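The next block holds one structure in the form of structure tokens; read it before the comments.
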Amino acid sequence: MSPAAHSLPIDISNLCKAYGSVKALNDVSLNIAAGEFLTLLGPSGSGKTTLLMALAGFVRPDGGSIRFGEQEMIATPPHKRGLGMVFQSYALFPFMTVAENVAYPLKIRGVSKSDQKARAERALETVQLGGYGDRRITQLSGGQRQRVALARAMVFEPQIILMDEPLSALDKKLREHMQIELKALHEKLDATVVYVTHDQREALTMSDRIAVVNHGRIEQIATPERLYRQPHSFFVADFIGESISLPVSVANDTAQLGERVLKSNTPIALGSGGHRLIIRPELLEVTAGAVPDAANDLSGQVHDIIYQGDSVLVIVQHDSAGQINVRVPANRAGQTGLPSKGEQIGLALHPEDTIIVPEHVA
Amino acid sequence: MEQVGQRKIDGLWLTVVGIAVLFFLILPTLIVIPMSFSGASYLEFPPTSLSFRWYVAYVTSPEWMSATKTSLIAAALTTAIATPLGSLCAYGLHCSAPRIRSAAQILVIMPIVVPVILIAVGVFSLYAKLGLNYTLTGIVIAHTALALPFVIVTVMSGLQNYDFDQELAARSLGASRAYALWTITVPQVKFSIQTGAFLAFITSLDEVVISMLVSGGENATITRRMFNSLRDQLDPTIAAISTCLIVVSITALIGVQMIGRRKDKAQ
Ligand SMILES: Nc1ncnc2c1ncn2[C@@H]1O[C@H](COP(=O)(O)OP(=O)(O)O)[C@@H](O)[C@H]1O
Ligand SMILES: [Mg+2]
Numbered sequence: 001m002s003p004a005a006h007s008l009p010i011d012i013s014n015l016c017k018a019y020g021s022v023k024a025l026n027d028v029s030l031n032i033a034a035g036e037f038l039t040l041l042g043p044s045g046s047g048k049t050t051l052l053m054a055l056a057g058f059v060r061p062d063g064g065s066i067r068f069g070e071q072e073m074i075a076t077p078p079h080k081r082g083l084g085m086v087f088q089s090y091a092l093f094p095f096m097t098v099a100e101n102v103a104y105p106l107k108i109r110g111v112s113k114s115d116q117k118a119r120a121e122r123a124l125e126t127v128q129l130g131g132y133g134d135r136r137i138t139q140l141s142g143g144q145r146q147r148v149a150l151a152r153a154m155v156f157e158p159q160i161i162l163m164d165e166p167l168s169a170l171d172k173k174l175r176e177h178m179q180i181e182l183k184a185l186h187e188k189l190d191a192t193v194v195y196v197t198h199d200q201r202e203a204l205t206m207s208d209r210i211a212v213v214n215h216g217r218i219e220q221i222a223t224p225e226r227l228y229r230q231p232h233s234f235f236v237a238d239f240i241g242e243s244i245s246l247p248v249s250v251a252n253d254t255a256q257l258g259e260r261v262l263k264s265n266t267p268i269a270l271g272s273g274g275h276r277l278i279i280r281p282e283l284l285e286v287t288a289g290a291v292p293d294a295a296n297d298l299s300g301q302v303h304d305i306i307y308q309g310d311s312v313l314v315i316v317q318h319d320s321a322g323q324i325n326v327r328v329p330a331n332r333a334g335q336t337g338l339p340s341k342g343e344q345i346g347l348a349l350h351p352e353d354t355i356i357v358p359e360h361v362a
Numbered sequence: 001m002e003q004v005g006q007r008k009i010d011g012l013w014l015t016v017v018g019i020a021v022l023f024f025l026i027l028p029t030l031i032v033i034p035m036s037f038s039g040a041s042y043l044e045f046p047p048t049s050l051s052f053r054w055y056v057a058y059v060t061s062p063e064w065m066s067a068t069k070t071s072l073i074a075a076a077l078t079t080a081i082a083t084p085l086g087s088l089c090a091y092g093l094h095c096s097a098p099r100i101r102s103a104a105q106i107l108v109i110m111p112i113v114v115p116v117i118l119i120a121v122g123v124f125s126l127y128a129k130l131g132l133n134y135t136l137t138g139i140v141i142a143h144t145a146l147a148l149p150f151v152i153v154t155v156m157s158g159l160q161n162y163d164f165d166q167e168l169a170a171r172s173l174g175a176s177r178a179y180a181l182w183t184i185t186v187p188q189v190k191f192s193i194q195t196g197a198f199l200a201f202i203t204s205l206d207e208v209v210i211s212m213l214v215s216g217g218e219n220a221t222i223t224r225r226m227f228n229s230l231r232d233q234l235d236p237t238i239a240a241i242s243t244c245l246i247v248v249s250i251t252a253l254i255g256v257q258m259i260g261r262r263k264d265k266a267q
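Chains as they are written, first to last, in UniProt numbering: chain A, 1 to 362; chain B, 1 to 267.
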């Protein structure tokens, strides 16, 4: 049997990479724990692929350090880094069978023919493709190809697995199914996973921690829940989840929306370029009577009501702040009844849900 | 209904014109075949009597045989050098930054665009200094330079249709760059490389202008000899040789096509 693989931590420090005047990586430092599922999340062009390719050894950084465990990797060629990698295009070898594809890394490592066969079959079983070994790649569906790519990347029990938007070519339903499956697979494997996506929902679903990447920098790194509840910047708040934002003025650790002082439980993050109040539609509460004193009052007039199946979106016109969206779960709306258009309703934003972020991180 | 009929007639026209153009292109080539079997001692069409005498004349002439040997060896060596060199060059260009690639592409196309006579004169005067005129080495080097662009262009277009991530995947899975190139990339652009090799072979075999200046003596190529004989004595041996050259070219072409077809089926 192969020696027991133990996942490795990854330490990235001060990594830089410029393409002409574009700073694809702008002084990135990041510590990834052994066995962690870390997602790099960011819009297209933010530098996610560049960072992943630097880890894999295909992009040569201008400066900085990458360590796997104790070992400095910056000068190590890709084939000696011992990584499993899954590409967006899957990058399967079309002239080989499924089994030959999966056995390729074993063949390189000089594993005996019979062992190659057994281990490839076992890896295929892990991704629920047992018995597919003799098929040709062209005979597989998109989802099956995805699984073969996955099997090939883990068959040699790498300590680190990198994936660049591996699900983006699949349709929505299959993608959501594979998210759950990948997460379960990660729990079975003893490997550190660095996962790249631009889909915030996917990142929230799968990750232990998420690093939000913007313009070649890491804006924030945190658990999904923390990232959602306590974003550090307007960019993070806006990129993750649904929200509307209102400009607020901040002085002496208190924020004001117009004339009104906002009650908030979390300290206001420092930054530049002014501050914004982030309102997530599902965190607002429609109150029967007046809004309690402990909460922030965002009451207004119902402008429109939109039925969306699992929930109802109520659009409220606030006197000074403009339109505010409130999401009411369909079952609650059924129990308590919905307000009608034009009606004045009470809207409470509780202090623990009051998120105030700077326009830019410090 | 009428529209469909109209379209059929249009299609018919297209077919007729297409076949006419094809004939126009091929006929001059094919006309030498019957001429080569003529029994007369001058070139005539159509031949009034049939014989193999010009084929016999060709294969029994030591001069023609020596020229044939020179040409075949030169073509084989040119292919052997230009194919790997051009393929690697195409690979290098494919991997380099877009700016470098487009600049290099112009440079690579140059030998196709520049009139061959200029290249021939340049090569001749350079070889005069190096003592390479009338040598096989000289012919092979000049022909390789002419053939390289064809190999580079065909292999680059092959690489364009290839998902380069596959090579990166192979390398991340533990293959060195050379091993990944050999086991993953090359098998998938094999057809382009074979086409490039075929073009290199034909480029050398067919080449007249440089050969006129640079080859000679016992290292005269067959094209050079044919040209001279055309000027001096114009007998049907040339038609027989041309026919042989056509057969060689077409056989090579069919070979490449068949290998390509088999590859397509395998996928
Ligand atoms: N090979 C390259 N040459 C020039 N610019 C590049 C190259 N690769 C990436 N870039 C630039 O670097 C930035 C980050 O790209 P990338 O890492 O691919 O982003 P992402 O994967 O987040 O979409 C982009 O502005 C992109 O245009
Ligand atoms: Mg990308």
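Each residue gets a CB set at the ideal place from its N, CA and C atoms; glycine is no exception. Values in this document were obtained by computation on a predicted structure and should not be read as measured data.
Mind checking if residue i is an interface residue toward chain A, Cβ cutoff 8 Å exclusive?
i: residue 166 of chain B; result: yes
i: residue 159 of chain B; result: no
i: residue 38 of chain B; result: no
i: residue 194 of chain B; result: no
i: residue 103 of chain B; result: no
i: residue 230 of chain B; result: no
i: residue 197 of chain B; result: no
i: residue 174 of chain B; result: yes
i: residue 259 of chain B; result: no
i: residue 184 of chain B; result: yes
i: residue 272 of chain B; result: Nothing in the structure corresponds to residue 272 of chain B, since chain B is present only between 1 and 267.
Are there 16 or more other CB atoms within 10 angstroms of the CB of residue i, so buried, or fewer, so exposed?
i: residue 125 of chain A; result: exposed
i: residue 177 of chain A; result: exposed
i: residue 123 of chain B; result: buried
i: residue 220 of chain B; result: buried
i: residue 347 of chain A; result: buried
i: residue 20 of chain B; result: exposed
i: residue 38 of chain B; result: buried
i: residue 4 of chain A; result: The predicted position of residue 4 of chain A is uncertain, since its pLDDT is 45 and thus under 50; no value can be drawn from it.
i: residue 184 of chain B; result: buried
i: residue 95 of chain B; result: exposed
i: residue 354 of chain A; result: buried
i: residue 131 of chain B; result: exposed
Please check if any C-beta of chain B sits within less than 8 Å of the C-beta of residue i.
i: residue 83 of chain A; result: yes
i: residue 166 of chain A; result: no
i: residue 10 of chain A; result: no
i: residue 195 of chain A; result: no
i: residue 152 of chain A; result: yes
i: residue 58 of chain A; result: yes
i: residue 235 of chain A; result: no
i: residue 46 of chain A; result: no
i: residue 32 of chain A; result: no
i: residue 108 of chain A; result: yes
Give me the residue from the options with the minimum Cα distance to residue i.
i: residue 186 of chain A; options: A:341, A:38 and A:11; result: A:38
i: residue 21 of chain A; options: A:268, A:320 and A:216; result: A:216
i: residue 259 of chain B; options: B:214, B:238 and B:192; result: B:192
i: residue 23 of chain A; options: A:43, A:62 and A:8; result: A:62
i: residue 107 of chain A; options: B:188, B:7, B:26 and B:174; result: B:174
i: residue 170 of chain B; options: A:199, A:264 and A:109; result: A:109
i: residue 46 of chain B; options: B:32, B:156 and B:53; result: B:32
i: residue 202 of chain A; options: A:167, A:220, A:223 and A:188; result: A:167
i: residue 113 of chain B; options: B:11, B:163, B:147 and B:204; result: B:147
i: residue 139 of chain B; options: B:107, B:162, B:72 and B:164; result: B:72
i: residue 252 of chain B; options: B:164, B:199, B:243 and B:212; result: B:199
Just confirm the distance between the C-beta atoms of residue i and residue j, as a whole number of angstroms; I'd bet it's less than 8 Å.
i: residue 149 of chain A; j: residue 92 of chain A; result: 6 Å
i: residue 82 of chain B; j: residue 136 of chain B; result: Incorrect: roughly 15 Å between the Cβ atoms, too far for contact.
i: residue 87 of chain A; j: residue 164 of chain A; result: 6 Å
i: residue 235 of chain A; j: residue 245 of chain A; result: Incorrect: roughly 11 Å between the Cβ atoms, too far for contact.
i: residue 213 of chain A; j: residue 32 of chain A; result: No, residue 213 of chain A and residue 32 of chain A are not in contact; Cβ-Cβ is about 14 Å, not under 8 Å.
i: residue 58 of chain A; j: residue 168 of chain B; result: 6 Å
i: residue 223 of chain B; j: residue 208 of chain B; result: 5 Å
What residues of chain C sit near residue i, judged by a beta carbon separation below 8 Å?
i: residue 91 of chain A; result: No chain C appears in this structure, whose protein chains are A and B.
Please tell me whether, using a cut-off of 7 Å, the distance from the CB of residue i to the nearest non-hydrogen atom of ligand 4 is below it.
i: residue 49 of chain A; result: Looking for ligand 4 in the displayed structure turns up nothing; the ligands present are ligand 1 and ligand 2.
If you scan the segment 142-197 of chain A from start to end, which runs of the alpha helix (DSSP H) of 4 or more residues do you find wholly inside it? Within the segment 142-197 of chain A, the complete alpha helix (DSSP H) runs of at least 4 residues are 142-154 and 172-188.
Ignoring anything shorter than 3 residues or poking outside the segment 27-58 of chain A, list the beta strand (DSSP E) runs there in chain order. You should have 37-41.
4 or more residues per run - each alpha helix (DSSP H) lying fully within the segment 64-149 of chain A: 98-108 and 113-126
Mind listing, in chain order, the continuous beta strand (DSSP E) runs of no fewer than 3 residues lying wholly within the segment 242-313 of chain A? 244-251, 254-257, 260-262, 271-279, 285-287 and 300-307
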